[in-house]
Every structure is written in C-alpha cells, then in structure tokens.
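Residue numbers (our numbering): 1 to 449.
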C-alpha cells in the first residue's frame, strides 16, 4: 500500500512538471505580411496630380511610413504617411482619407506601408497630396474622398517593417515649417510657446470652436506663428494649454492659406522651459480705431506730404497702418517711431514684428515699408537723427491681403544704451500704381540678461 501511494505521488509530481513545461513553451509569432515590389515614387505621383481629382490607371505601388495616429482622437478618418528622407531627397508626405476608425491598431507610427495606386484617385488639396476614392461634392466637383471600410486594407498594405519615428521627424523652425513641401510630414518645432490668448484656456474651447476644433497659435522668439489645431474629440481636449516654452511634435496640414499644426497625443507637447518674455513689447491693443496714431512715447511724424500714420482696430486686433489710397500727394513719407528702448543689461538683443499689406499694385522701392534704428533721435526731428536701415521681411504682392507675417529675427546685438525703432512708409497717392497700405503689429525685443 505504501508503494502504491508513493508511486501515485511521483506520478502527480511528474505530471505537474510536464504541465508547467507545456505552459512555458509558447509559440513564436512571426509577421506574415507580404512585401510588394515598389515601382513608383511618391514624388512622381505628386507631379502627376492636380487640384482636380484624377483617377490613377496604372498598376503602380509606392511605399511610405505612417506618421499620424488616431489613437489620441485628434486625427479623424485620415492617415498621414511620408517617405523617408535621404541625403539627396527630402521627405514627401501625403494623406489617405479612410472610412474607418481606430486605424492605429493596424497602422502604427513608423510602419512601412505599400500603397496600391491602381483605380484610386489623387489630388492636391491646398498643396498637399491626397490618395483615396472619388467623391463628388454638392457643386458637382470631383474630389478625393474616403476609401471604404471594405476596401482600404487592399489599398494600404502594412508591411512587417516598423522604424522609430525619430528616423522620420524633421526638426524645424516655424518659418521653415510654413511650406507646402512639408505638408503631411512629421516635424518638431523647437523653442516655441503658445501665445497669450491661449494661456489659462483648454486645448479645445467651445467659445473658440472653428469647425469642431479650436485654433490657438504657437510662436517662436522671432515672432513667427503657426496655428495649433485641436479637435473636440482629442483625448486631451479639456486639458489646459501649458504656459512654458519648449518643443512640439506633430503633422503639418493646411486649409486655404492657413498652415495648421496637429499633434497626435498630448505627449507630443513638451514645454518645461520658461516663457520667452520680451523686455520691450507693443501689441497696439489700446489704440482707437481709424484715428491718427497716438500712444505715449511714440512719435508720428510726416517727412513729405501731410498724412500721418493711423491706428486701426479690426476683429478686435489693434495695429498701426499707413494708407495712401485716399491721398493725392505725389510722394508720401511718414515715420512711426518707438519710445526710447534701453538695451543696457541685455545681450544678443533680437527685434521682431509682424506686418501685412493691402491694396498694393506693384512691388517697388517707391511704395514700401522700411525699418530703421537710431541712437540719437531727439523725439521730434527724424531728419537730424542718424538712422541705420535694418534688414527685415516685409509683405509684398505675393502675400495674401491683410495676412500678417513675421519680420524674422533682426539682430540688435551691435547696439547698447538707448535706441529708437522706426517704421518708415514711402508711397504715392497721385500715382495709383504706387499706393496701398502697410500694417504693423506685435513689436517685440528679446534679450539675454
């Protein structure tokens, strides 16, 4: 009897060991997605596309990498893909609208995807390439729409290859990012911050609802700005906008003439640094509408003819403007001069401002906006002071009317003590080809203590 019990005990123990071993041994799962032969470049598809949707008739395949994700809720039924940049070829991005949600499960960021082009449609949507199905608008215009839920996996074939997104992201300034050739690509903006209007607010605010999303602005130290767009469905929509400065990673999109930056997750936003606070700033928000410009410390001076700079308020935004369209003088020259600005104690000072134009007829030095600096302006006579012209970006006919652009960073490191910054307008009211208006706003000077 004792032997039977012992044998039974050892049998159970052996069975337990065998069972444990069986549980430890798990099958190795391998990727079985097929590879396809790529016979066309995204660049060539872009060249063959136009503003109107065109059907792609050839049995061609391109490859690209996923850079967007709908996991965070900020992207909806659209996947952004881009090529991998090389030494000779920059990354090219495009979007694929699909009638499906939770696509992040099958198309992870960094996943290489083969796109079958035959019978799909392509177009250039505000400069960005789209690949999808045909959609005809109510006006009868053919455009690219979403690929059906039953079809999109036949068009977008995820491969087994996944690379780190750091191999795809480009680190850019805001100025560099504002370009059609960066659309639908993954970029990272450094040393940026949200503008003051967003501080203390949520990423999405019903009071700032623009088509189901909220547009705030990101700004760099030189005054360049870009729209930061957050959907009401984003998982972080009700979180507060950070007050610091830092870097933001996301996808560049565009609607009309507006470039719009969209992040995938809140973790794409890292702003642990201090805000870039200028030691001199004027946003003209206290001015009155359509009167001769007058602010304490500022000088509004006519050099030729009789018209002065005016202050204007449009859609709640105040700015300074000189407009010759209502004058008949052969030549108008007028100066708008800042108060004394003390650079003492600051190193590497940088000036920035924003400007816009409207009603320009030609680009000419006889009808332009110029920026100067002086160290000996007495507050009244511009002709007695010594002025040095500063190199700044100002709007031309190629810029949309009334759309403010940044001057870029203007180096003032060669100056110390007190300075004045002046905006000089030159134009004609008599010669209608040499008239129009320039607008100036958001003047800032940054420096290191």
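Beta carbons: idealized from backbone N, C-alpha and C, even for Gly.
Is DSSP giving residue i helix, strand or coil here?
i	result
residue 321	strand
residue 105	helix
residue 98	strand
residue 234	coil
residue 48	helix
residue 222	coil
residue 422	strand
residue 381	coil
residue 181	helix
residue 195	coil
residue 42	helix
residue 435	coil
residue 403	coil
residue 21	Residue confidence for residue 21 is low, a pLDDT of 49 falling below 50, so the modelled location carries little weight; the figure read from the coordinates is stated next. Helix at residue 21.
residue 398	coil
residue 174	helix
residue 166	helix
residue 208	helix
residue 71	coil
residue 430	coil
At which residues does the alpha helix (DSSP H) containing residue i begin and terminate?
i	result
residue 152	152-155
residue 331	Run containing residue 331: none; DSSP gives neither H nor E here.
residue 270	Where residue 270 is concerned, there is no enclosing alpha helix (DSSP H), although the beta strand (DSSP E) it sits in stretches over 269-273.
On a CA-only basis, which of the options is nearest residue i? Give me that one, please.
i	options	result
residue 326	317, 265, 318 and 308	308
residue 392	203, 229 and 409	409
residue 212	43, 156, 138 and 73	73
residue 126	318, 334 and 94	94
residue 435	389, 448, 419 and 365	365
residue 418	397, 189 and 378	378
residue 445	276, 200 and 91	276
residue 54	86, 118, 102 and 98	118
residue 64	154, 420, 84 and 58	84
residue 414	193, 99, 136 and 348	348
residue 376	433, 422 and 254	422
residue 102	144, 56 and 71	71
Determine the burial state of residue i: buried for a count of at least 16 other Cβ atoms within 10 Å of its Cβ, exposed for fewer.
i	result
residue 130	buried
residue 240	exposed
residue 314	exposed
residue 388	exposed
residue 68	buried
residue 35	exposed
residue 242	buried
residue 449	exposed
residue 105	exposed
residue 411	exposed
residue 311	buried
residue 363	exposed
residue 58	exposed
residue 132	buried
residue 197	exposed
residue 296	exposed
residue 90	exposed
residue 320	buried
Residue range of the beta strand (DSSP E) that residue i falls in?
i	result
residue 130	128-136
residue 348	347-358
residue 388	388-390
residue 280	280-282
residue 123	121-125
residue 64	61-66
residue 255	245-255
residue 408	Run containing residue 408: none; DSSP gives neither H nor E here.
residue 374	368-374
residue 35	That residue, residue 35, is in no beta strand (DSSP E); it is neither H nor E in DSSP.
residue 343	Per DSSP, residue 343 belongs to no beta strand (DSSP E) and is neither H nor E.
Would a check of beta-carbon distances place residue i closer than 8 Å to chain B?
i	result
residue 353	Structure shown: chain B not included; a single protein chain is present.
Original post:
Between the segment 342-350 and the segment 363-375, do three or more beta carbon pairs fall short of 8 Å?
Top reply: no
Original post:
Are the segment 352-362 and the segment 431-447 in contact at 8 Å, needing three or more beta carbon pairs?
Top reply: yes
**OP:** Determine, using beta-carbon pairs with one atom in the segment 130-149 and one in the segment 216-236, whether at least three such pairs fall under 8 Å.
**Re:** no
Original post:
Are the segment 109-124 and the segment 65-84 in contact at 8 Å, needing three or more beta carbon pairs?
Top reply: yes
**OP:** May I ask you to verify whether the segment 171-189 touches the segment 246-265, counting CB pairs closer than 8 Å and requiring at least 3?
**Re:** yes
**OP:** Report yes or no: do three or more beta-carbon pairs, one from the segment 286-305 and one from the segment 214-228, lie closer than 8 Å?
**Re:** no
Original post:
With contact counted as at least three CB pairs below 8 Å, one residue from each stretch, are the segment 43-51 and the segment 160-173 in contact?
Top reply: no
Original post:
Counting pairs of beta carbons, one from the segment 134-142 and one from the segment 182-194, are three or more of them closer than 8 Å?
Top reply: no
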